[in-house]
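**Student:** Sending over a structure as structure tokens; questions will come in a sec.
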Amino acid sequence: MSFKVIKAGFHSMIQDRGRFGLAHQGLSQCGVADEHAYYWANHLLANDRNDAVLEITFGGCELLVLTDTAIVVTGADLAFKVNGNSQPIWQVLAVKKGDRLTWSTPITGVRAYLAVQGGLQTQHYFNSRSINIREQVGALIQVGDELLSLATKTKNVGKAMPVWFKPNYREPLCLRILASYQFEQFNEQQRDILFGQTYKVGQASDRTGCRLEGLPISNSPATMVSEGMAYGSVEITTAGLPIILLKDAPTIGGYPKIGTVFSLDLAKLAQRQPGCELRFELIDIETAQTLRREFEQFF
Amino acid sequence: MFEIKLASENAIIIYFGEQASPELAKKIAFYSEFLHERLGELIIDIVPSYTSALISYDLNNCDHQKFCNLVSTSLAQAIFVNEEQSTEVIDIPVYYAEEVGLDLARMLTEKELSLAEFINIHSQQVYLVYAIGFSPAFAFLAEVDERIQMPRLTTPRIQIPAGSVGIADNQTAVYPIESAGGWNIVGRTPIDLSLNDYSNLQRFRVGHQVKFKSIDRQEFLALGGSL
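Residue numbers (the numbering used here), protein chains in the order written: chain A, 181 to 479; chain B, 161 to 387.
Structure below.
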């Protein structure tokens, strides 16, 4: 009925679609960092789209299978192996009691997802199984933990994502951004700095925010009274550099925001290491909503 | 009356005014509740704050323009009633002392106040919850008396113990969990405001009133406080 954690890895934790309806009490939405890889994982297993998965960042993780079941690994290539043999990702695999699943080191991408048939049945916190370390809601997986799943007959083995859907986490990244919030308070010169340069993903990036390094925007608008911050909001700090707010970000904040990144581009960003280059370009609300709706309808 | 702006592909932010005030805070709490009742099926989250409310909605069932229209129409029909007397005041016991108030000594020197005077000023005021955020159940309270206002520390502390009571400019708050932070710490509450107790999520709401009550070391320990 479950997996046993042999090695926890650098930063492995349970996530689902996220925690909703409690942002007014300060609980951030959390949920998986890469929605694209997550939706595919549950889709291939014919799971519920909200089923919980294990988000494995950078690898170093080993699990012992305690019951025969079907699994899927999607997202980053972290040199996934079963009993020491490389196995395909983006494809349903049958695993047997006693099998050892390992993710060692990043080959491409940063975050791998392990989904199991029927979804991981870990503890709920406020209507979600998602963990938020910053908020002390749940914890990273620990050596010796047992991750429960439902006892079901193994199905869908061999079902794979068509190759043309496979994302390339090495291709140059362009984040499409909506002109939201305080966009108009930034003058043309300041916007040119945002759209005219190639930024680098900074070292101090995590599930809360992605800090970018590059040429600062000078004289950016002053801090304001705190207001609600949506997933993907791009804050410009006093130093003039962008922070893209991600799934674990606080619900409110006072830096001016120059725009909001389109969610499916944030899924791509979730697979970029510090040092990766990226650019920004504008997207309009109609296009963003159409693309997101198509994505939801596909799964 | 209000201005609607785009916040994300499935969120808008409504600005109800320019300047934070007790009246505006009550209005925002009222309109947030009203919109929740009217458009609850489409709404995912509402985050009220000092001058605004962020609303995320289900984009599979409603597009941006339609949602903006629904919100505008609903707000035009809402009639704000100021229910001044009905609001209860939430009491929070605080042990004000240097052993828990990391910045207390410095504040007393700079403000030229005795400890008793400081406690009086901080605990006499009835504060209003203007916003909840930063971390779960962290309630931003205002307005702090001018005599004890103090800007944030230039370098935030890495670790502030849970229950710490802080001041930042005209705001005061309790840190529900141990966290980093730049507020001036003046005391500590023995009450557990963390999510160890799930009911703490319901403790504060924007528009609620809060008052601090001074307690001594013995009461602090008796109520479960830790030093």
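The C-beta atom is built at its ideal place from N, Cα and C for all residues, glycine as well. The structure presented is a predicted model; accordingly, all values stated were derived computationally and were not measured.
Which whole-angstrom value describes the C-beta separation of ASP428(A) and ARG387(A), a residue pair presumed to lie in contact below a C-beta threshold of 8 Å?
**Tutor:** Position 248 of the first sequence, counting from 1, holds the residue named residue 428(A). Position 207 of the first sequence, counting from 1, holds the residue named residue 387(A). Their Cβ separation, rounded to whole angstroms, is 4 Å, which keeps ASP428(A) and ARG387(A) in contact under 8 Å.
**Student:** Please name the residue or residues paired with ARG373(B) in a DSSP beta bridge.
**Tutor:** Translated into the one-based positions of the second sequence, residue 373(B) becomes position 213. The sequence shown places Lys at residue 373(B), not Arg. Paired residues: PRO253(B).
**Student:** Note down the Cα distance separating VAL414(A) from ALA331(A), rounded to an integer number of angstroms.
**Tutor:** Taking the first residue of the first sequence as 1, we reach residue 414(A) at position 234. Taking the first residue of the first sequence as 1, we reach residue 331(A) at position 151. If I take the Cα positions, the gap works out to 43 Å.
**Student:** Return the residues of the region 207-223 of chain B that lie within a Cβ-Cβ distance of less than 9 Å from chain A, sorted by chain order.
**Tutor:** Answer in chain order: VAL207, PRO208, SER209, TYR210, THR211, SER212, ALA213, LEU214, ILE215, SER216, LEU219, ASN220, ASP223.
**Student:** Is the Cβ of GLU197(B) closer than 7 Å to any Cβ of chain C?
**Tutor:** Of the protein chains in the structure, A and B, none is chain C.
**Student:** Opposite ARG348(B) in the DSSP bridges: which residues?
**Tutor:** Translated into the one-based positions of the second sequence, residue 348(B) becomes position 188. Answer is TYR255(B), SER324(B), bridged to ARG348(B).
**Student:** Just curious, the beta strand (DSSP E) that ARG356(A) is in, first and last residue?
**Tutor:** By one-based count along the first sequence, residue 356(A) stands at place 176. It spans 353-358 - the beta strand (DSSP E) in which ARG356(A) sits, taken as one unbroken run.
**Student:** Contact between the region 292-308 of chain A and the region 253-264 of chain A is defined here as three or more beta-carbon pairs at a separation below 8 Å; is this criterion met?
**Tutor:** The region 292-308 of chain A vs the region 253-264 of chain A: in contact.
**Student:** Spatial neighbours of LEU225(A) within its chain, please: CB distance less than 7 Å, with the 5 preceding and 5 following residues excluded, ordered by chain position.
**Tutor:** Working through the first sequence from its first residue, we reach residue 225(A) at position 45. So the qualifying residues of the chain are ALA250, VAL252, VAL272, ALA295, GLN297, ASN336.
**Student:** Using alpha carbons as the reference points, say which of THR282(A), ASN367(A), GLN469(A), ASN348(A) lies closest to LEU358(A).
**Tutor:** Stepping through the first sequence from its first residue, residue 358(A) is reached at position 178. Of THR282(A), ASN367(A), GLN469(A), ASN348(A), the residue nearest in Cα terms is GLN469(A).
**Student:** Report the residue ranges of all alpha helix (DSSP H) runs contained in full by the region 438-469 of chain A; include only those spanning at least 4 residues, in chain order.
**Tutor:** Fully enclosed alpha helix (DSSP H) runs of 4 or longer: 443-449.
**Student:** Can you give me the Cβ contacts of SER406(A) inside the same chain, cut-off strictly under 7 Å, excluding the 5 residues immediately before and after it?
**Tutor:** Taking the first sequence and counting its residues from 1, one reaches residue 406(A) at position 226. The residues are ILE432, GLY433, GLY434.
**Student:** Cutting at 8 Å between CB atoms, please list the residues of its own chain near SER360(A), excluding the five before and the five after it.
**Tutor:** On the first sequence, residue 360(A) is found 180 positions in, with the first residue counted as 1. Contacts found: ALA410, SER413, LYS437, GLY439, THR440.
**Student:** Among the candidates MET310(B), HIS196(B), SER339(B), TYR358(B), whose CA atom is the shortest distance from the CA of THR269(B)?
**Tutor:** The residue labelled residue 269(B) in the question sits at position 109 within the second sequence. Comparing Cα-Cα distances from THR269(B) to each of MET310(B), HIS196(B), SER339(B), TYR358(B), the minimum goes to MET310(B).
**Student:** Using 7 Å as the limit for Cβ to Cβ distance, is SER168(B) near chain A?
**Tutor:** Your numbering for residue 168(B) matches position 8 in the second sequence. At least one chain A Cβ lies under 7 Å of SER168(B).
**Student:** List, in order along the chain, the chain A residues whose C-beta lies closer than 8 Å to that of VAL352(B)?
**Tutor:** Walking along the second sequence from the start, residue 352(B) turns up at place 192. In the sequence on display, residue 352(B) carries Asp and not Val. Ordered by position in chain A, no residue passes the 8 Å Cβ test against ASP352(B), which lies about 12 Å from the chain.
**Student:** Please return the same chain residues whose Cβ sits closer than 6 Å to the Cβ of ILE318(B), not counting the five positions on each side in sequence.
**Tutor:** In the second sequence, counting from the first residue as 1, residue 318(B) sits at position 158. If we look at ILE318(B) and ignore the five residues flanking it on each side, its Cβ neighbours are ALA340.
**Student:** What separation, rounded to the nearest whole angstrom, lies between the Cα atoms of GLN369(B) and ILE375(B)?
**Tutor:** If you number the second sequence from 1, residue 369(B) lands on position 209. If you number the second sequence from 1, residue 375(B) lands on position 215. Distance between the alpha carbons of GLN369(B) and ILE375(B) is about 20 Å.
**Student:** Buried or exposed for LYS209(A), please, with buried defined as at least 16 other CB atoms from any protein chain shown within 10 angstroms of its CB.
**Tutor:** Counting from one through the first sequence, the residue named residue 209(A) turns up at place 29. What sits at residue 209(A) in the sequence shown is Gln, not Lys. Classification for GLN209(A): buried.
**Student:** Over what stretch of residues does the alpha helix (DSSP H) that includes SER234(B) continue unbroken?
**Tutor:** For the purposes of this step, residue 234(B) is identified with residue 74 of the second sequence, where counting begins at 1. From DSSP, the alpha helix (DSSP H) with SER234(B) extends over 224-237.
**Student:** Does the structure place the region 230-244 of chain A close enough to the region 182-201 of chain A that three or more beta carbon pairs sit under 8 Å?
**Tutor:** Touching, per the Cβ criterion.
**Student:** Just checking my contact of ARG371(A) with ILE194(A) at CB under 8 Å: how many whole Å lie between their CB atoms?
**Tutor:** Taking the first sequence and counting its residues from 1, the one referred to as residue 371(A) is at position 191. Taking the first sequence and counting its residues from 1, the one referred to as residue 194(A) is at position 14. Actually they do not touch by this definition, with Cβ atoms about 40 Å apart.
**Student:** Rounded to a whole number of angstroms, what is the C-alpha to C-alpha distance between VAL317(A) and THR237(A)?
**Tutor:** As a working note, residue 317(A) is residue 137 in the first sequence. As a working note, residue 237(A) is residue 57 in the first sequence. Rounded to the nearest angstrom, the two C-alpha atoms are 18 Å apart.
**Student:** Give me the chain A residues within the contact set of ALA180(B), using Cβ-Cβ distance strictly less than 7 Å, ordered along the chain.
**Tutor:** The residue you call residue 180(B) lines up with position 20 of the second sequence. In chain order: VAL405.
**Student:** Rounded to whole angstroms, what's the CA-CA distance from ILE292(B) to GLY455(A)? Just pull it up for me.
**Tutor:** Here residue 292(B) is taken as the residue at index 132 of the second sequence, counted from 1. Here residue 455(A) is taken as the residue at index 275 of the first sequence, counted from 1. Those two C-alpha atoms are separated by around 35 Å.
**Student:** Please report whether the beta-carbon of GLU315(A) lies at a distance below 7 Å from any beta-carbon of chain B.
**Tutor:** By 1-based counting over the first sequence, the position of residue 315(A) is 135. So, interface residue.
**Student:** Indicate whether PHE371(B) and VAL254(B) have their beta-carbon atoms separated by less than 7 Å.
**Tutor:** Taking the first residue of the second sequence as 1, we reach residue 371(B) at position 211. Taking the first residue of the second sequence as 1, we reach residue 254(B) at position 94. Phe is not the amino acid found at residue 371(B); the sequence shown has Lys there. Contact flag unset, no.
**Student:** Which residues of chain B have a Cβ atom closer than 7 Å to the Cβ of PHE200(A), listed in chain order?
**Tutor:** Residue 200(A) sits at position 20 when you count from the first residue of the first sequence. Going along chain B in sequence order, the residues near PHE200(A) (Cβ under 7 Å) are ILE204, ASP205.
**Student:** Measure the Cβ-Cβ separation of ALA203(A) and THR254(A) and say whether it is below 7 Å.
**Tutor:** For the purposes of this step, residue 203(A) is identified with residue 23 of the first sequence, where counting begins at 1. For the purposes of this step, residue 254(A) is identified with residue 74 of the first sequence, where counting begins at 1. No; because the gap between Cβ atoms is not below 7 Å, this pair is not in contact.
**Student:** Have a look at the DSSP bridge pairing and note the partners of LYS165(B).
**Tutor:** The sequence position of residue 165(B) within the second sequence is 5, counting from 1. According to DSSP, LYS165(B) bridges with ILE173(B).
**Student:** List the residues of chain B whose Cβ lies closer than 8 Å to the Cβ of PRO430(A), in chain order.
**Tutor:** In the first sequence, residue 430(A) corresponds to position 250, counting from 1. Result: GLY293, PHE294, SER295.
**Student:** Kindly indicate which three-state DSSP category VAL366(B) falls into: helix, strand or coil?
**Tutor:** Within the second sequence, residue 366(B) is the residue found at index 206, counting from 1. Correct three-state label for VAL366(B): coil.
**Student:** Count Cβ pairs between the region 233-240 of chain B and the region 195-212 of chain B that sit closer than 8 Å; are there 3 or more?
**Tutor:** Yes, since at least three Cβ pairs between the region 233-240 of chain B and the region 195-212 of chain B fall closer than 8 Å, the two stretches touch.
**Student:** With distance defined between alpha-carbon atoms, name the residue in GLY211(A), PHE190(A), HIS223(A), ALA213(A) nearest to GLU476(A).
**Tutor:** Residue 476(A) sits at position 296 when you count from the first residue of the first sequence. Cα-wise, what sits closest to GLU476(A) is HIS223(A).
**Student:** At what residue ranges does the region 274-310 of chain A contain a whole run of the beta strand (DSSP E), taking only runs of 3 or more?
**Tutor:** If we require 3 residues or more, the beta strand (DSSP E) runs fully inside the region 274-310 of chain A come out as 280-283, 288-296.
**Student:** Can you round the beta-carbon distance between ASP231(A) and ALA450(A) to whole angstroms, since I take them to be within the 8 Å contact cut?
**Tutor:** Within the first sequence, the letter at position 51 stands for residue 231(A). Within the first sequence, the letter at position 270 stands for residue 450(A). With a Cβ gap of about 19 Å, ASP231(A) and ALA450(A) do not count as contacting.
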